Amino acid sequence: MNNLTGSIPATIFNISSLLNISLSNNNLSGSLPKDMCYANPKLKELNLSSNHLSGKIPTGLGQCIQLQVISLAYNDFTGSIPNGIGNLVELQRLSLRNNSLTGEIPSNFSHCRELRGLSLSFNQFTGGIPQAIGSLCNLEELYLAFNKLTGGIPREIGNLSKLNILQLSSNGISGPIPTEIFNISSLQEIDFSNNSLTGEIPSNLSHCRELRVLSLSFNQFTGGIPQAIGSLSILKNYILL
Numbered sequence: 001m002n003n004l005t006g007s008i009p010a011t012i013f014n015i016s017s018l019l020n021i022s023l024s025n026n027n028l029s030g031s032l033p034k035d036m037c038y039a040n041p042k043l044k045e046l047n048l049s050s051n052h053l054s055g056k057i058p059t060g061l062g063q064c065i066q067l068q069v070i071s072l073a074y075n076d077f078t079g080s081i082p083n084g085i086g087n088l089v090e091l092q093r094l095s096l097r098n099n100s101l102t103g104e105i106p107s108n109f110s111h112c113r114e115l116r117g118l119s120l121s122f123n124q125f126t127g128g129i130p131q132a133i134g135s136l137c138n139l140e141e142l143y144l145a146f147n148k149l150t151g152g153i154p155r156e157i158g159n160l161s162k163l164n165i166l167q168l169s170s171n172g173i174s175g176p177i178p179t180e181i182f183n184i185s186s187l188q189e190i191d192f193s194n195n196s197l198t199g200e201i202p203s204n205l206s207h208c209r210e211l212r213v214l215s216l217s218f219n220q221f222t223g224g225i226p227q228a229i230g231s232l233s234i235l236k237n238y239i240l241l
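Here UniProt numbering is used: the first residue of the sequence shown is 1, the next is one more, and so on.
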C-alpha cells in the first residue's frame with residue numbers, strides 16, 4: 001500500500017516479460033488502455049483493486065490468455081463485463097466487486113473451468129443468474145450480492161460440488177430455493193437474504209454438514225422452519241424471518 005496518484009502509464013502494459021502487475025491500494029485514477037494486453041501475453045496476475053480507476057473494463061483484457069487472477073475491485077469502473085474475459089481458460093479468480101458495472105453477467109464464463117472465485121457483488125448487474133455458472137466445476141466462492149438480478153436461482157448451481165460460499169443477498173431474485181442447492185455438502189455460508197424468494201425452506205438443508213452461516217431473512221417464505229436445522233451442529237448464525 002502506498003499513496004500513488006495519477007494515471008497508470010500505458011507503457012507498463014508494453015513490457016512483454018511481465019508476469020504480475022499489482023498496484024492495489026493506492027489513489028490511482030484514469031482509465032485503462034483498450035489494448036492493454038496485446039503486448040502482455042505472459043501476464044498471469046492483474047491486481048488494480050482499491051484505487052479510483054474509471055471508464056470501461058478494456059475489451060483487450062481477453063487477450064491476456066494466461067491470466068489467472070484479475071482483481072479490479074473497489075474502483076469506479078462502468079459499463080458491462082467484456083465477453084472476452086469468458087475466454088480466459090486459465091482464470092482462477094475474478095473480482096470486480098464494488099464498482100458501477102451494469103448489464104448482464106456473461107454466460108460464457110462457463111469456459112473458465114479453472115475459476116475458483118467469482119466476486120461481482122455491489123454493482124448494478126441486471127438480468128438473471130446464468131445457468132452456465134453451474135458448469136464451473138472448480139468454483140469455491142460465488143458472490144453476487146447487492147445487484148439488481150432477477151429471475152430464479154438456477155438449479156444448475158447444485159452441480160458446484162466444491163462450493164463453500166454462496167452469496168446472493170439484496171437482489172430481486174424470486175421463486176423457490178432449488179433443492180439441489182442443499183445437496184452441496186461443502187457449503188459453509190449461504191446468504192439469500194433480502195430477495196423475493198417464495199415457497200418452503202427445503203428440508204434437505206441437513207445435507208450441508210459444513211454450514212456455518214444460513215441467512216434467509218427478508219424474503220417471502222411460507223411453511224414452517226425445517227426440523228432438519230437441528231442437525232446442523234456447527235451452524236453459528238441462522239436468520240429465518
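The beta-carbon is built from N, C-alpha and C at its ideal position, and this holds for glycine as well.
Source: prediction; values computed, not measured.
Whether asparagine 98 touches phenylalanine 77 by CB criterion (7 Å): Taking the first residue of the sequence shown as 1, we reach residue 98 at position 98. Taking the first residue of the sequence shown as 1, we reach residue 77 at position 77. Contact: no.
Proximity to glutamine 68 [Cα-Cα], best of Leu53, Asn87, Thr59, Ile57: Taking the first residue of the sequence shown as position 1, residue 68 is located at position 68. It is Asn87.
Simplified DSSP state of threonine 11, which is helix, strand or coil: Position 11 of the sequence shown, counted from the first residue, corresponds to residue 11. Note: threonine 11 maps to helix in three-state DSSP.
The stretch 203-221 contacting the stretch 142-158, beta-carbon criterion three pairs below 8 Å: no
Cβ-based neighbour list, leucine 19, same chain, cut-off 8 Å, excluding 5 preceding and 5 following: Reading the sequence shown from its first residue, position 19 is the one you call residue 19. Closer than 8 Å at the Cβ level, and outside the excluded window around leucine 19, lie Lys42, Leu43, Lys44, Glu45.
Segments assigned beta strand (DSSP E), at least 3 residues, entirely inside the stretch 35-105: 45-47, 52-56, 69-71, 76-79, 93-95
Exposure of glutamine 124, with buried meaning 16 or more beta-carbon neighbours within 10 Å: Here residue 124 refers to the residue found at position 124 when the sequence shown is read from its first residue. Classification for glutamine 124: exposed.
Cβ-based burial, serine 22 [other Cβ within 10 Å; buried from 16]: For the purposes of this step, residue 22 is identified with residue 22 of the sequence shown, where counting begins at 1. Classification of serine 22: exposed, given that the 10 Å Cβ count is below 16.
Glutamate 189, enclosing beta strand (DSSP E) - first and last residue: The count along the sequence shown starts at 1 and reaches residue 189 at position 189. From DSSP, the beta strand (DSSP E) with glutamate 189 extends over 189-191.
Which of helix, strand or coil DSSP assigns to glycine 152: Along the sequence shown, read from residue 1 onward, the residue named residue 152 stands at position 152. If DSSP states are grouped into helix, strand and coil, glycine 152 belongs with coil.
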